[in-house]
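Peer 1: Residue numbers for the sequence shown follow the working numbering, so the first one is 60 and each next one is one higher.
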Amino acid sequence: FDPDFFAHMEEIDWCLRAQSLGYTLMFCPESTVYHLGGGTMPYSSPFKTYLNFKNNLSMIIKNHQGWLFPLLFIRMSLDGIAAFKFLFEGKISLLWAVFKSHMSTYKNLPRNLKKRSQIKQTRKKALLNYKGSIVWGFYIMKTKNYRSLNKRRFEL
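Structure below.
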């Protein structure tokens with residue numbers, strides 16, 4: 060695991076890196092996974108919000124295979140929309156968490172770009188990409204789960 064990830068998205072980052080190294084990701088459909096949502100921290104925790112936004116940006120920087128900066132601009136703009144949503148809802152601590160996640164992203168950009176370069180050098184297999192915005196889908200289209208995503212938008 061990447062030690063810069065904590066409590067949120069570390070397993071997704073790990074799976075992306077394993078897949079890029081040529082490993083096949085598998086699952087057992089007969090298994091049952093019990094996941095305590097909010098087990099680490101409450102859903103409305105500013106620290107949780109900070110980690111969600113920060114770790115997702117780090118994951119994009121490290122693993123996205125295409126031209127990075129247009130995607131980051133779009134993603135950070137959507138984060139700004141989410142921050143305004145928090146402002147209008149009176150959730151100032153969550154707005155501040157988004158701001159701090161962006162400041163952390165700028166601060167850690169050289170380190171994450173170095174990780175990106177290392178991943179690129181060892182990549183053996185292209186990652187499956189979703190040609191759309193999951194953030195847009197979540198906040199605007201109210202897409203709340205994987206099954207609701209448009210399957211035709213996935214491509215290598």
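From the three backbone atoms N, C-alpha and C, an ideal C-beta is built for every residue, glycine too. The model shown is predicted, which means the values in this text are computed figures rather than measured ones.
(1) Please classify ASN188: is it buried, with 16 or more other beta-carbons within 10 angstroms of its beta-carbon, or exposed?
(2) Is it buried or exposed, MET118, if we count other Cβ atoms within 10 angstroms and call 16 or more buried?
(3) Hey, how far is the Cα of ARG134 from the Cα of SER192?
(4) Spell out a yes or no on whether the region 147–159 and the region 197–211 are touching, meaning 3 or more CB-CB pairs, one atom from each, closer than 8 Å.
(5) Can the beta-carbon of LYS121 be found closer than 8 Å to that of ILE178?
(6) Excluding five sequence neighbours on each side, which residues of the same chain lie with their C-beta closer than 7 Å to the C-beta of LYS174?
(7) Who are the Cβ neighbours of LEU78 in its own chain at under 7 Å, not counting the five residues just before and after it?
(8) Name the two residues that bound the continuous alpha helix (DSSP H) containing SER160.
(9) Mind checking which residues open and close the alpha helix (DSSP H) that includes ARG206?
(10) Do you know offhand how far CYS87's Cα is from GLU70's?
(11) Rounded to the nearest angstrom, what separates LEU208 and ASP138 at their Cα positions?
(12) Roughly how many angstroms separate the alpha carbons of HIS123 and TYR198, rounded to a whole number?
Peer 2: Quick look at the numbers:
(1) By the beta-carbon neighbour count (other beta carbons within 10 angstroms, threshold 16), ASN188 is exposed.
(2) Around the C-beta of MET118, 16 or more other C-beta atoms lie within 10 Å, and the residue is accordingly described as buried.
(3) Each residue's alpha carbon lies about 8 Å from the other.
(4) Contact check between the region 147–159 and the region 197–211: fewer than three CB pairs, one atom from each, fall below 8 Å, which does not count as touching.
(5) Contact: yes.
(6) Cβ within range, chain order: LYS121.
(7) A small correction: the amino acid at residue 78 is Gln; Leu does not occupy that position in the sequence shown. Hits under 7 Å: LEU84, LYS184 and LEU186.
(8) In the DSSP assignment, SER160 falls within the unbroken alpha helix (DSSP H) covering 151–166.
(9) Careful: ARG206 lies outside any alpha helix (DSSP H) and carries neither H nor E.
(10) Computed Cα separation, rounded: 17 Å.
(11) Rounded to the nearest whole angstrom, the C-alpha separation of LEU208 and ASP138 is 20 Å.
(12) TYR198 has its alpha-carbon roughly 22 Å from the corresponding atom of HIS123.
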